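Asker: Read top to bottom, the protein sequences are chains C and E.
Our numbering applies: residue 1 is where the first sequence begins, and numbers increase by one.
Our numbering applies: residue 1 is where the second sequence begins, and numbers increase by one.
Ideal placement from N, C-alpha and C gives every residue a C-beta, glycine not left out.
These figures come from a predicted structure and were not determined experimentally.
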Amino acid sequence: NAGVTQTPKFQVLKTGQSMTLQCAQDMNHNSMYWYRQDPGMGLRLIYYSASEGTTDKGEVPNGYNVSRLNKREFSLRLESAAPSQTSVYFCASSERGGGGGRETQYFGPGTRLLVL
Amino acid sequence: GNSVTQMEGPVTLSEEAFLTINCTYTATGYPSLFWYVQYPGEGLQLLLKATKADDKGSNKGFEATYRKETTSFHLEKGSVQVSDSAVYFCAYNFNKFYFGSGTKLNVKP
């Protein structure tokens, strides 16, 4: 039982390049999330998927797109990377989300992205 | 609006010292409350949680009590170890997750 996995662990991009961050969970969770973590700013929600087939914007969605490929996988795409997107990206999942959910979120190990 | 406020760090303690990291929240309703820990280079791990007023969450010697009257969920440990050095995040979940900005703890031998 691997929990939440993310690839790659580390990536360097040039401004304007595109890339996709992959996330998968094996806990049969319905909800998945993408956060970014910047120094002194804690975690900020980029996008989330309450259930398979749905996605919604979080606090900082600009410059990103997501795809909930199936129940297990939730990818984050940067179409044209900018230096402001240099950050650590975390994927998380929970059993269900929204509608009064109080369950725990489980996090992946993170992807460290540097945009030059 | 909804928010989580936790004490700013870094907090530097000697081994075996007593630890308190304050956390207060602003929320309507009755959220579940969490402490997560992040070790260097890793993701966030659930440390403990409490789901209703007066509940005490505990794990690895850490404790936190859900105080509805003061909307607080302070993290405590009686005797910290060097291995406790990490960043600690307070969070609550009520329809969505709200995280504090994190408190870095450094424990010196």
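#1: Mapping the DSSP letters down to three states, classify Gln6 of chain C as helix, strand or coil.
#2: So, at 7 Å on beta carbons, what are the nonlocal neighbours of Leu78 of chain C in its own chain, with the 5 sequence-adjacent residues on each side left out?
#3: Taking the alpha-carbon positions, what's the Glu63 of chain E to Ala50 of chain C distance?
#4: So, is the C-beta of Leu105 of chain E closer than 7 Å to a C-beta in chain C?
#5: Report the option in C:Thr111, C:Gly108 and C:Arg72 whose CA atom is closest to the CA atom of Asn28 of chain C.
#6: Can you tell me whether Lys108 of chain E is buried or exposed? The criterion is at least 16 other CB atoms within 10 Å of its CB, across all chains shown.
#7: Select from E:Leu44, E:Glu16, E:Phe18 and E:Met7 the residue whose C-alpha is nearest the C-alpha of Cys91 of chain C.
#8: To the nearest whole angstrom, what separates the beta carbons of Val87 of chain E and Gly100 of chain E, a pair I think is in contact under 8 Å?
#9: In three-state DSSP terms, what is Ser101 of chain E?
#10: Counting only Cβ-Cβ distances shorter than 9 Å, please list the residues of the segment 36–66 of chain C near chain E, keeping chain order.
#11: Measure the Cβ-Cβ separation of Arg36 of chain C and Tyr106 of chain C and say whether it is below 7 Å.
#12: Whose Cβ in chain C lies nearer than 7 Å to the Cβ of Glu42 of chain E?
#13: With 16 other CB atoms within 10 Å as the buried threshold, where does Phe18 of chain E fall?
Answerer: Judging by the given coordinates:
#1: DSSP places Gln6 of chain C in strand when its eight states are reduced to three.
#2: Ser18, Met19, Gly63, Tyr64 and Gln85
#3: In this model, Glu63 of chain E and Ala50 of chain C are separated by some 31 Å (Cα to Cα).
#4: No - not a single Cβ of chain C is within 7 Å of the one on Leu105 of chain E.
#5: C:Arg72
#6: exposed
#7: E:Leu44
#8: Val87 of chain E to Gly100 of chain E, Cβ: 10 Å. No contact.
#9: DSSP places Ser101 of chain E in the coil class of the three-state scheme, outside both helix and strand.
#10: Near chain E, meaning a CB-to-CB distance below 9 Å, the residues of the segment 36–66 of chain C are Gln37, Gly40, Met41, Gly42, Leu43, Arg44, Leu45, Tyr48 and Gly58.
#11: no
#12: Near Glu42 of chain E (Cβ distances below 7 Å), the residues of chain C are Pro109.
#13: With fewer than 16 other Cβ atoms within 10 Å, it is exposed.
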